[in-house]
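Be aware that the sequence shown starts at 830, since it is given in this note's numbering, and climbs by one per residue. Data first, discussion second: the structure below is written as structure tokens.
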Amino acid sequence: MDELEKKALEYHSKDGVPGKVSVVPTKPCATAEDLALAYTPGVAKPVLKIAENAEDAYKYTSKGNLVAVISNGTAILGLGNRGALASKPVMEGKGVLFKRFSDIDVFDIEINEKDPEKLVDIIAAISPTFGGINLEDIKGPECFYIERELIKRCDIPVFHDDQHGTAIIATAGLMNAAEITGRKLSDMKVVVNGAGAAGISCARMFIAAGVRKENLLLLDSKGVIYKGREGLTAEKSEFAADTAKRTLAEAVDGADVFMGLSVAGCLTKDMLRSMANDPIVFAMANPDPEITYEDAMDARDDVIMATGRSDYPNQINNVLGFPFIFRGALDVRASRITENMKMAAAKALSKLAHELVTDEVRKAYGGEDFSFGRKYIVPKPFDPRVIEYEAVAVAKAAVEDGVAACPIEDWDAYRASLKERMAKYWK
């Protein structure tokens, strides 16, 4: 047993309390009167109110601040299909992050069902419990169908974080890396290596941000996805390119950007050397990236490098996305998360990275200082301003898109309420 395994297993089992989450009541239950109000006979009163008007569920229950984090365990982190039960530590972990970074409550739900149609039916059937649904660690291509169908059937936000979370944070980083290197997104040649849920979503969002589709090459384990290649899914066919390039080495030759959502070690030093000046490399395979940080720095001193790891600069971390996106969506009672809301989140993160870091941020990272540049293209998760920037931007976009049932009118007051709400977590 290595040191990480020892510490991780101890963390999840210490103090005789297995796991990472628990349910804590928000109302007193210390007297006979409390009991009568919390349960029978008092509970019948809100039941009847909700039966008459479903909107009253947001007034009398926790629905409005409750998110379901749901998986069937078919694509757990980088570990593959380990089953629904094995996904529970990850889903509990998402619950911890939701609470810590946005004060959102979570029920983690692990569903032992691989059939996508049945899974949709199950999730849709339990959706009235929640204010939002976060899908996690569901393999592609089924994940695309599952999210799409649930969006159609549910009147609450449904968000598959493996797709959109990485794309939102990476897009923020790409915008800033382009600015630092004096490029326009429309002029950049981009290679996305990995055509799973995250790869497809990153490709789509890069294009939405300004990358031209004809300048983007998408690769899977068989190589470049090109027009005429047989056996492509609908999602892959969307990016089939008119190109003679077939291999990763050919694809990255002269490219400005490498976005890796694939396997460790697939990008060699020679491939990196073949890229354009000031190459932008997002090597997201975890824990071992497509090219190590050390190898990338050794190969090119002009590279802007990002990974999914916290021990190197420019961590593309999904925790910068989902807690704050759901906070903004829940606070305006959004019926769904639109493309505009996702882009608003990316732009908010891009903007925050330009700001001077605060003492709280330096303290959280051992006194280290950060400033906008090649080694700081996205904010740090432990920056208390992220919620102000991102949740507000997402909520505003929801109102603009007409999907907010409870539009906010005083944005300064909302921003102040977020700071007050989260103050207890930053003490």
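Just so you know, even glycine gets a beta-carbon here, dropped at the ideal spot from N, CA and C.
{"Check": "Contact the stretch 1104–1120 vs the stretch 961–977: 3+ CB pairs below 8 Å", "Outcome": "no"}
{"Check": "Close Cβ partners of Lys1042 (< 8 Å) along its chain, the five nearest in sequence each way excluded", "Outcome": "Ile1036 and Phe1068"}
{"Check": "Reference Gly907; option with closest CA among Gly1002, Ser1091 and Asp831", "Outcome": "Ser1091"}
{"Check": "For Leu838 and Phe936, the rounded distance between their alpha carbons", "Outcome": "22 Å"}
{"Check": "Sufficient close CB pairs (3 or more, under 8 Å) joining the stretch 1138–1157 to the stretch 1212–1220", "Outcome": "yes"}
{"Check": "Under the three-state DSSP convention, the category Asp1049 falls into", "Outcome": "strand"}
{"Check": "DSSP bridge partner residues for Val896 (one or two, in chain order)", "Outcome": "Val935 and Gly961"}
{"Check": "Host alpha helix (DSSP H) of Gly1002 (start-end)", "Outcome": "Asp990 to Ile1009"}
{"Check": "Supposed contact pair Glu942 and Ile951 - C-beta distance, whole angstroms, cut 8 Å", "Outcome": "6 Å"}
{"Check": "Minimum length 4: unbroken alpha helix (DSSP H) runs contained in the stretch 1105–1133", "Outcome": "1122–1128"}
{"Check": "Assigned exposure category for Met1134 - 16 Cβ within 10 Å defines buried", "Outcome": "buried"}
{"Check": "Assigned exposure category for Asp1241 - 16 Cβ within 10 Å defines buried", "Outcome": "exposed"}
{"Check": "Under the three-state DSSP convention, the category Gly1025 falls into", "Outcome": "coil"}
{"Check": "Beta-carbon proximity of Lys1114 to Thr1167, cut-off 9 Å", "Outcome": "It should be noted that the sequence gives Ala, not Lys, for residue 1114. Against a cut-off of 9 Å, the Cβ pair of Thr1167 and Ala1114 comes out as no contact."}
{"Check": "Element boundaries [beta strand (DSSP E), containing Val1086]", "Outcome": "Val1086 to Gly1089"}
{"Check": "Bridge partner(s) assigned by DSSP for Thr1136", "Outcome": "Ala1112 and Gln1144"}
{"Check": "Whether Gly848 touches Pro918 by CB criterion (9 Å)", "Outcome": "yes"}
{"Check": "Length of the line joining the Cα atoms of Val1021 and Arg1075", "Outcome": "13 Å"}
{"Check": "Anticipated Cβ contact below 8 Å, Asp1049 with Ala1026, distance rounded", "Outcome": "In fact, because the Cβ distance is near 12 Å, the residues do not count as touching under 8 Å."}
{"Check": "Tyr1205 (DSSP reduced to helix, strand or coil)", "Outcome": "strand"}
{"Check": "Close Cβ partners of Arg1162 (< 6 Å) along its chain, the five nearest in sequence each way excluded", "Outcome": "Ala1234 and Cys1235"}
{"Check": "Distance between Ala861 and Lys1171 (C-alpha atoms, nearest Å)", "Outcome": "48 Å"}
{"Check": "Cβ-Cβ distance between Gly961 and Phe1199 below 9 Å", "Outcome": "no"}
{"Check": "Neighbour-count burial assignment, Asp966, 16 or more Cβ in a 10 Å radius", "Outcome": "buried"}
{"Check": "Assigned exposure category for Pro854 - 16 Cβ within 10 Å defines buried", "Outcome": "exposed"}
{"Check": "Cβ-based neighbour list, Phe1201, same chain, cut-off 6 Å, excluding 5 preceding and 5 following", "Outcome": "Ala1182 and His1183"}
{"Check": "DSSP-derived helix/strand/coil call for Ala1282", "Outcome": "Examination of residue 1282 is not possible in this model, given that the chain is present from 830 through 1256 alone."}
{"Check": "Spatially closest choice to Thr958 from Leu1101, Leu1003 and Ala883, by CA coordinates", "Outcome": "Ala883"}
{"Check": "Nonlocal neighbours in the same chain, by C-beta distance under 6 Å from Met1100, ignoring five residues either side", "Outcome": "Ala1078 and Val1081"}
{"Check": "Best match in Gly924, Tyr889 and Gly871 for proximity to Ile879 [C-alpha to C-alpha]", "Outcome": "Tyr889"}
{"Check": "Beta-carbon contacts of Met1034 that lie in its chain and below 6 Å, excluding the five residues immediately before and after", "Outcome": "Ala996 and Thr1000"}
{"Check": "Rounded straight-line distance, which links the Cα of Phe988 to that of Phe1111", "Outcome": "23 Å"}
{"Check": "Opening and closing residue of the alpha helix (DSSP H) in which Gly1157 lies", "Outcome": "Phe1151 to Asp1160"}
{"Check": "Distance, Asp934 Cα to Lys1209 Cα", "Outcome": "22 Å"}
{"Check": "Proximity of Lys1176 and Met1004 at Cβ, strictly below 9 Å", "Outcome": "yes"}
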